[in-house]
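To keep things clear, I will list the structure first and then write my remarks on it.
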Amino acid sequence: MKREIDFVGKRKIFIAISLILIAISIVSILVKGFNLGVDFVKGTEIVLKFNDESISIADLRNKLSEIKPEYANSRITKITSAAEATKGAKFQVVLKQFFDKPELKDEFTNKAEQIFGKDNVEILSFRAVSGQAAQELKTASWNAALLAIILILVYITVRFQFVYAIGAIAALIHDALITLGFYSMFSIEVNSAVIAAILTLLGYSLNDTIVVYDRIRENNRRLRGNPIDRIVNKSINEVISRTINTSLTTFFVVFILLLFAGVVLKPFAFGLTVGVVVGTYSSLYIASPILIGWIRKFRRS
Amino acid sequence: MRLDRILLIISIVVIATAFFFLLFPQSGKASKGLSAIFSNIHLGLDIKGGSVLEFAMATEDENVDENQLANDVIAVLRNRLDSVGYTEATIKKVFAGNKVRIRVEIPEISDPSKAERLLGKKGKLYFAEVLDSKVQEEKPTEKPFKYQDAVWLKNISAQRYYNETEWLLVREDIRIGAKIVNLDGSKVKDARASFDPKEGYVILLTFNNTGRKLFADITRAMINKRLAIVLDNNVLVAPVVKEAIPGGQARITGKFSIEEAREIATLIKSGNLPVDLIKVEENSVGPLLGKDIILQSLVAGIIGLIVVMVYMIVVYGWMGVVADIALVYNTFLLFGVLALTRSILTLPGIAGIILTIGTTVDGNIIIFERIKEEMRLGKTVHNSIAGGFSKATSTIVDANLTTILAGVALYLLGKGTIKGFATTLIIGVIGSMFTVLVVSRVILDLTSTLIKNKYSKALGTNEGVAK
């Protein structure tokens, strides 16, 4: 009555594609590294607004070195968003120095007002993180990620079988690595909100995976005797319209957020936008097809 | 039908409660526009603007009770902030491993450096004997040989209230016979302004037990001499000792105005920080950035909502309308719960709310697809709804629980504003489960006649979904 899309038959090709993507991501992460925000490295992040919109990043860098020569090697990003309540050119400046004393901040503010004009420049926000605090945020993020993965692993093992948990975790690592690879490749800032984004997308991707697994479990009972690859493929096909519709609506929401987000939420929205695509792909082409070998073994024994 | 009626009543009661907490004014503050609708939502400083400072305590002694020390620090900082009008600031202990930190949050502050200067200063307050005085502009340089351990300090109360520059030669090591006595601010239990019918406004000092004994000795030895109270190398006030004061309660007179008496009392009381504070983290956000953020998230949220709503109607027809109602329902429910629990809405929290749109829609989609499958089997719409829900409930619970688990991990171990994200995510996901399983269900049941059953007449339609 209806032709099925063959997800399972070509699984080797898709697993190969995923492995290549993962390899590229790992290379980028190792070679290029991450553009870490002040949350994770000691420093001071200042968001500046200029009424004079003609100022460029190069101008700003020049002028910053007048405040202190070592400020010249700070990271400067121009902030753009589709919606803004305040007019003017906005920049995010990340200094390597941690402003531990109010005098440093006062000096920065006073000299900036001198150089750019008091009416022209305004400091919108100011975030200073000491080496110690950055280390703590890092540790907290790792712990949160670890705890989340353990909780999920336990839950799936209890609700399904351990084989499924392995499949789900493999898909999660796949999603996390590729999304992080995108952060590295596009030099998007990684801050503590990004950790939240990664954990959320793991939750989402898992959500997709579980819906498929749920169906495999049901069909496995109902269609006993059928070959496992047939059952898996049928199950994916049965839930695909749900997966597509859900992923599309979630994609709309996070993509629109990415368009309109300002300085703080942009990195967050970026991860979710990439993650929804990668997560949907992995739950259709990776999470279930890689189960086939394992389930076969399991059935034989 | 009975079940439907119960579910309908639950749905209405829940949303009515949410609206009550959202709209019923709790603060009594008048606000207008959007802020009036959301006046019961507590906004984080990263949205409404303000300064968050976190300090570590530089304790040298390993055995010190950090918890008690932190309480003392908080009391001093509270005084300092109140004395300059930051009464809405909050100061609390936070824990970093086994270390105690002090976290200060000051809303809507225009000059965070000022607060930082005020807070970070250790503030050394001590009592000193006055050996000499001079009224002149320039700081005197000469001091008699026998007073080499004394210093010339400016008397700021003379400067401020009598507009004359008085310099006092003061010595911290007070001599009583051959003995040296030190009396510092940690021995002062309380200092306050008070009114005396004869003397006008006075400052009342109360010493603790050790302070009472020292102060008694000092006053006994210094009758008719001046005793200076010094804070950070300025003489706050230098009254003449009239008599020995054994009771630990002193009264400083000096024709003060109420403001003068209050200010000096506050300075004395908030003088000593028992330990140096080291800033470990600061986050200061001006009010302009918050405006941008609110506008951006509002626009993104509304456009996202509209796109999703239209998509759902196009794909699912009447069931899409039900999903849209569920979407709006859950959004208000989420805001209501935020108001009820007095959770603080941070910027990542707004992202959590926007993500809730996705979760709510997903639950509905899972249900609708199941209902369609049931209809394909030839069941009536009504039976399909019942069958769809009974089969999809466990899927929805399984799928959402994993998101909740990720949220719980973030809430337990995340720091700062990320906790706000975990809060809205968890509330949103739980709300969406309720909305899908209860609210959507009751609306679908009650309006089942509006749902088209494409599969009832003929099998083999060209519907492009899997069969």
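Protein chains in written order, with the numbering used here: chain G, 210 to 510; chain S, 1001 to 1467.
Built from N, CA and C at the ideal position, the CB exists for glycine as well.
Remember, predicted model here, so these are calculated numbers, not experimental data.
Thinking residue i and residue j are a contact (beta carbons under 8 Å), I'd like their distance in whole angstroms, please.
i, j, result
"S:Arg1475", "S:Asp1149", "No answer is possible for residue 1475 of chain S: it lies beyond the span of chain S, which begins at 1001 and ends at 1467."
"G:Ser283", "G:Val256", "Not a contact, Cβ separation roughly 13 Å."
"G:Ile459", "G:Val485", "Note that residue 459 of chain G is Thr in the sequence shown here, rather than Ile. Indeed, because the Cβ distance is near 5 Å, the residues count as touching under 8 Å."
"G:Leu361", "S:Leu1405", "The amino acid occupying residue 361 of chain G in the given sequence is Ile; Leu does not appear at that position. Contact holds; Cβ gap of about 6 Å."
"G:Trp503", "G:Val372", "5 Å"
"S:Ile1041", "S:Leu1333", "The Cβ separation is near 13 Å, so there is no contact."
"G:Ala321", "G:Ile266", "About 16 Å; that fails the 8 Å criterion."
Between the beta-carbon of residue i and the beta-carbon of residue j, is there less than 7 Å?
i, j, result
"G:Ser227", "G:His383", "yes"
"S:Ala1191", "S:Ala1075", "no"
"G:Ile445", "G:Val421", "yes"
"S:Ile1109", "S:Gly1050", "yes"
"S:Val1337", "S:Ile1451", "no"
"S:Val1100", "S:Ile1091", "no"
"S:Ala1238", "S:Ala1228", "yes"
"G:Gln301", "G:Ile288", "yes"
"S:Ala1056", "S:Val1280", "yes"
"S:Thr1112", "S:Ser1284", "It should be noted that the sequence gives Pro, not Thr, for residue 1112 of chain S. Yes. Within cutoff."
"S:Glu1199", "S:Thr1253", "yes"
"S:Lys1349", "S:Phe1421", "Position check: residue 1349 of chain S holds Gly in this sequence, whereas Lys was assumed. Against a cut-off of 7 Å, the Cβ pair of S:Phe1421 and S:Gly1349 comes out as a contact."
"G:Gly376", "G:Ala496", "yes"
"S:Ala1128", "S:Val1240", "no"
"S:Gly1358", "G:Val487", "no"
"S:Leu1345", "S:Leu1043", "yes"
"G:Ser492", "G:Thr388", "no"
"G:Ala343", "G:Lys251", "yes"
"G:Glu254", "G:Arg336", "yes"
"G:Pro311", "G:Glu398", "no"
"S:Asn1364", "S:Val1436", "yes"
"G:Lys516", "G:Lys258", "Residue 516 of chain G lies beyond the stretch modelled for chain G, which goes from 210 to 510, so this question has no answer here."
Just mark residue i as buried or exposed, buried being the case when its beta carbon has 16 or more other beta carbons within 10 Å.
i, result
"S:Leu1413", "buried"
"S:Gln1296", "buried"
"S:Glu1259", "exposed"
"S:Ile1012", "exposed"
"G:Pro498", "buried"
"S:Thr1449", "exposed"
"S:Ile1006", "exposed"
"S:Glu1374", "buried"
"S:Tyr1201", "buried"
"S:Val1135", "exposed"
"S:Lys1242", "exposed"
"G:Tyr490", "buried"
"G:Met210", "Summary for G:Met210: the model assigns pLDDT 42, below 50, so the residue's position carries little reliability; its value from the coordinates is reported in the next sentence. Exposed."
"S:Ile1180", "exposed"
"G:Phe507", "exposed"
"G:Arg433", "exposed"
"G:Pro436", "exposed"
"S:Gly1211", "buried"
"G:Ala470", "buried"
"S:Ala1458", "Its pLDDT being 47, under 50, S:Ala1458 is placed unreliably in this model, and the value from its coordinates should be taken loosely. Exposed: under 16 other Cβ atoms inside 10 Å."
"G:Glu447", "buried"
"G:Val483", "buried"
"S:Val1322", "buried"
"G:Glu424", "What sits at residue 424 of chain G in the sequence shown is Arg, not Glu. Under this definition G:Arg424 is a buried residue."
Quick check on this structure: which residue in the options has the alpha carbon closest to the alpha carbon of residue i?
i, options, result
"S:Gly1320", "S:Glu1369, S:Ala1386, S:Ile1344", "S:Glu1369"
"S:Ile1203", "S:Leu1267, S:Asn1224, S:Gly1363", "S:Leu1267"
"S:Lys1146", "S:Glu1137, S:Asp1132, S:Leu1153, S:Gln1136", "S:Asp1132"
"S:Met1409", "G:Thr418, G:Arg433, G:Ala353", "A quick correction: the sequence has Ala, not Met, at residue 1409 of chain S. It is G:Ala353."
"S:Leu1274", "S:Glu1060, S:Arg1002, S:Leu1053, S:Leu1003", "Correcting the residue type first, residue 1274 of chain S is Pro in the shown sequence and not Leu. Checking every option, the nearest Cα to that of S:Pro1274 belongs to S:Glu1060."
"S:Glu1066", "S:Lys1093, S:Arg1212, S:Gly1044", "S:Lys1093"
"S:Leu1168", "S:Asn1233, S:Val1397, S:Ile1223", "S:Asn1233"
"S:Asp1362", "S:Ile1418, S:Glu1282, S:Ser1343, S:Gly1431", "S:Gly1431"
"S:Lys1187", "S:Pro1197, S:Val1235, S:Thr1206", "S:Thr1206"
"S:Gly956", "S:Leu1327, S:Ile1293, S:Trp1318, S:Tyr1316", "Because chain S in this structure spans residues 1001 to 1467, residue 956 of chain S falls outside the shown range and cannot be described."
"G:Ile231", "G:Ala357, G:Phe325, G:Lys258, G:Leu386", "G:Leu386"
"S:Ser1394", "S:Lys1415, S:Lys1379, S:Ile1367, S:Gly1416", "S:Ile1367"
For a contact defined as C-beta to C-beta under 9 Å, what are the partners of residue i on chain B?
i, result
"G:Leu239", "Absent from the structure: chain B. Protein chains present are G and S."
Is residue i near the ligand FAD - that is, is its Cβ less than 6 Å away from at least one heavy atom of it?
i, result
"G:Phe477", "What this structure holds is no ligand at all, so the ligand FAD is not there to describe."
- Please determine if the segment 289-297 of chain G and the segment 1282-1292 of chain S are in contact, where contact requires at least 3 C-beta pairs separated by less than 8 Å. A contact exists between the segment 289-297 of chain G and the segment 1282-1292 of chain S.
- Message: I want to know whether the segment 397-406 of chain G touches the segment 335-354 of chain G - three or more CB-CB distances under 8 Å.
- Response: Output reads yes: the segment 335-354 of chain G touches the segment 397-406 of chain G.
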